[in-house]
């Protein structure tokens, strides 16, 4: 599968709204409601490590290809954190994907509306779904994601944004989109749960350039790209904090994705999250406890952050062995 295609003029991609900043972002944080707690599912399919595609791989684009200088990139243990985007690839088997889609469909009634980034979403899905909780804390799953990104990864210690389900449906009224934004998270995996033939619109679009250059982009700029991830099960890795991206309106049918935010404890001091970015989505009161947990001092990053995330430890040595 080809990785990307350039979007050229006339499709109104840049007419999509951008996420609020500054004073507007503050007011979003003040007005945001605490995320709704989804009811626990009475019966869920069991998670199995055999659902993981352990040899997952896909086309890769580097941060330097986005215009970032070598000196701006993180380095640790002889490795440069230079992966900008990988995909499409498959991280789950067909059976695992079916089970995950079933869980996400049943959680949809608990999804809430938001005017900040994603129109309709369920935050903290792993807090109410044992299947998703066990999936993102499965050692095989984390090792596969770590090898894709090139750095050791664990679930993010900020619990609410760790697993988010986005729901889009083409219907009258307000279109369901993801606004132009860059993530607070650095290591983001998006799993496509709907077949691209079942909906129209809903294209994952991004800007292949430095985030500081995005303000000057005009319609038809060849750096506006579309990721080829419409196939059911297609997964995309994105260094979310360094890349402006959006999802165009779904005009027909239904599109569902699971967005998983992971964390590299070895680069904890470089973590890109800001309090107000998180609070704009979840509200101030919901953000404070998670923020304090993230910023609490650690002695051993790999061990301490893994314990906070309820995750197995993943090390640099794990990435070098199979």
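In the numbering used here, the protein residues as written are -14 to 307.
Where a beta carbon is used, it is the ideal one built from N, C-alpha and C, also for glycine.
Rounded to whole angstroms, the gap between the alpha carbons of residue 28 and residue 58 is 44 Å. Scanning its chain for C-beta atoms nearer than 7 Å, with the 5 sequence neighbours on each side dropped, one finds around residue 119 the residues 32, in chain order.
Here the alpha carbon of residue 270 sits roughly 19 Å from the alpha carbon of residue 106.
Sequence-distant Cβ neighbours of residue 181 in its own chain, meaning closer than 7 Å and more than five residues away, are 215, 216.
Every alpha helix (DSSP H) of 4 residues or more that sits fully in the segment 54 to 95 is shown, in chain order, as 79 to 92.
A distance below 7 Å separates the beta carbons of residue 191 and residue 228. By the C-beta density criterion, residue 194 is buried, having at least 16 other C-beta atoms within 10 angstroms.
Relative to residue 111, the option among 99, 142, 129 whose CA is nearest is 142.
For a cut-off of 8 Å, the C-beta gap from residue 121 to residue 232 is around 21 Å, too long to register as a contact.
Residues 225, 246 of the same chain have their beta carbon placed closer than 6 Å to that of residue 170, with the five preceding and five following residues left out of the count.
For the options 281, 292, 251, 289, the alpha carbon positioned closest to that of residue 136 is the one of 251. Closest in C-alpha terms to residue 208, from the list 43, 35, 130, 50, comes 50.
For the pair residue 221 and residue 71, the Cα-to-Cα distance works out to about 6 Å. Residue environment analysis places residue 201 among the exposed positions, since fewer than 16 neighbouring C-beta atoms fall within 10 angstroms of its C-beta. Residue 299 and residue 127 have their C-alpha atoms some 8 Å from each other. Nearest to residue 276 by alpha-carbon distance, out of 198, 297, 253, 167, is 253. Shown here for residue 294: same chain residues with a beta carbon closer than 6 Å to its own, the five before and five after excluded, namely 139, 140, 142 in chain order.
In the three-state scheme derived from DSSP, where H, G and I count as helix and E and B as strand, residue 211 is classed as strand.
Sixteen is the threshold: when 16 or more other Cβ atoms of the shown chains lie within 10 Å of the Cβ of residue 291, as they do, the residue is buried. The beta-carbon distance between residue 234 and residue 186, rounded to whole angstroms, is 5 Å. This is short enough to meet the 8 Å contact definition. Straight-line spacing of the CA atoms in residue 230 and residue 149 works out to 16 Å. Minimum Cα-Cα distance from residue 37 among the listed residues 281, 61, 301, 117 corresponds to 117. Per DSSP, residue 42 lies in no alpha helix (DSSP H) segment and is marked neither H nor E. With contacts defined by Cβ atoms closer than 7 Å, residue 241 and residue 184 do not form a contacting pair. Closest in alpha carbon position to residue 272, among 243, 123, 109, is 109.
Going by beta carbons, residue 65 and residue 129 fall outside the 7 Å limit.
Of 34, 94, 260, the smallest CA-CA separation from residue 123 is found for 34.
Selection 85, 102, 283 evaluated against residue 160 yields 102 as nearest (Cα-Cα). A straight line joining the alpha-carbon of residue 154 with that of residue 89 spans about 14 Å. Assignment of beta-bridge partners to residue 222 by DSSP yields 71, 174.
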